[in-house]
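What follows is a set of notes on a single structure, which appears directly below.
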Amino acid sequence: MNSSQDLFWLFFGASGRINRRVYAMACALSYMARFFTAYQFVRYSTEAQPSVAWATIMLVAMLLSLWSNVMLSIKRLHDCGLPGGWAIPTILFDILAVFVLALMPGNPGPNRYGEHTNRPR
């Protein structure tokens, strides 16, 4: 795999496993993108005519960030030997779920979701 495929798998793929460090760093990057677009939206919405373009960009970025966080959580749960369906509550308990999954140790060896961490199955 090349690096662009690896990044696409990391943020948008549901198969495989990722360790705690990769999960925490990827979630931090996802949150930075989310906060940057929210900042830009607030910054431009204080003007006389709020930018429809920034509102659209913010909506798309938020949806991509949400999808990305769910996919990251699925892979992190896979590393712990748990099914990906447990990632659905992470939508409601976003920040709390990130901390819990970042602190929860994964399976040290192979499991049914993959031989190694940080790669697709």
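Numbering (my numbering), first residue to last: 9 to 129.
Idealized CB from N, CA, C, for every residue including glycine.
- As a beta-bridge residue in DSSP terms, Gly122 pairs with Asn119.
- DSSP lists Arg127 as the bridge partner or partners of Arg25.
- The C-beta distance from Ala22 to Ile99 rounds to 15 Å, too long to fall under 8 Å, and the pair is not in contact.
- Taking a cut-off of 8 Å on C-beta distances, the stretch 112-122 does not touch the stretch 35-55, as fewer than three cross pairs fall below it.
- In the DSSP assignment, Trp75 falls within the unbroken alpha helix (DSSP H) covering Val60 to Asp87.
- Cys35 places its beta carbon 8 Å or farther from that of Val108.
- Its chain contains Arg25 and Tyr121 as the residues whose beta carbon lies nearer than 6 Å to that of His86, once the 5 sequence neighbours on both sides are disregarded; these appear in chain order.
- Distance from the CA of Arg84 to the CA of Thr125, rounded to the nearest whole angstrom, comes to 9 Å.
- DSSP places Ile103 in the uninterrupted alpha helix (DSSP H) bounded by Asp102 to Leu111.
- Between Ala69 and Ala41, the C-beta spacing is below 8 Å.
- For the pair Trp94 and Ile103, the Cα-to-Cα distance works out to about 15 Å.
- Excluding the 5 residues flanking it on each side, Cys88 has same chain C-beta neighbours closer than 6 Å at Met112 and Gly114, in chain order.
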